[in-house]
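**Student:**
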Amino acid sequence: MCKFGLEENNRIRYSVRMYGHLDDCFIRISKILPQYTPEQIENHYKKYLDDDVPPINYERILETYEKLQAINIKNERLRKWYLFVKNFIFH
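Those letters in the sequence shown? Residues 1057 to 1147, per our numbering, in order.
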């Protein structure tokens, strides 16, 4: 796997400004930088170079995870209660 250097990053940024409105933007950029596939360029751009992407809010991710865990615990309790009642009634 090739690493992206400063020169490649600058070329990608410039090329996205030039071709970003086109559907085949990253395919065109991969012709300029043939050592990278369009998928590699697109992933690198979206992950490291795109300024329009908001920063990751880890606190919100943690809050969402905790809420999902609480729902899973509640569902597990309901499932156990359902199995208990089902076994009690039908056995």
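Idealized CB from N, CA, C, for every residue including glycine.
1. Just the C-alpha distance for H1138 and F1144, rounded to the nearest angstrom, thanks.
2. Could you pull the start and end residues of the alpha helix (DSSP H) that L1118 belongs to?
3. Between R1073 and I1085, what straight-line distance do the alpha-carbon atoms span, to the nearest angstrom?
4. Helix, strand or coil for K1059? Go by DSSP, reduced to three states.
5. Using 10 angstroms around the beta-carbon of I1127, count the other beta-carbons present and answer buried if the total reaches 16, otherwise exposed.
6. For N1068, does the count of other Cβ atoms within 10 angstroms reach 16, so buried, or fall short, so exposed?
7. Please classify Y1101 as buried or exposed, where buried requires at least 16 other C-beta atoms within 10 Å of its C-beta.
8. Rounding to the nearest angstrom, what Cα-Cα distance links E1063 and K1087 in this structure?
9. Quick one, are the C-beta atoms of P1090 and F1082 less than 8 Å apart?
**Tutor:** Straight from the coordinates:
1. According to the sequence provided, residue 1138 is Tyr. The question's His does not apply to it. Separation of Y1138 and F1144 (C-alpha to C-alpha, rounded to the nearest whole angstrom) is 10 Å.
2. Taken as a continuous stretch (DSSP letters only), the alpha helix (DSSP H) holding L1118 covers 1114-1146.
3. Taking the Cα positions, R1073 is about 11 Å away from I1085.
4. It is coil, neither helix nor strand.
5. With fewer than 16 neighbouring CB atoms inside 10 Å of its own CB, I1127 falls in the exposed class.
6. This sequence places Ile at residue 1068; Asn is not what is there. Answer is buried; the Cβ neighbour count reaches 16.
7. Buried is the call here.
8. It is roughly 15 Å from the alpha-carbon of E1063 to the alpha-carbon of K1087.
9. When the beta-carbon positions are compared, P1090 and F1082 stay at least 8 Å from each other.
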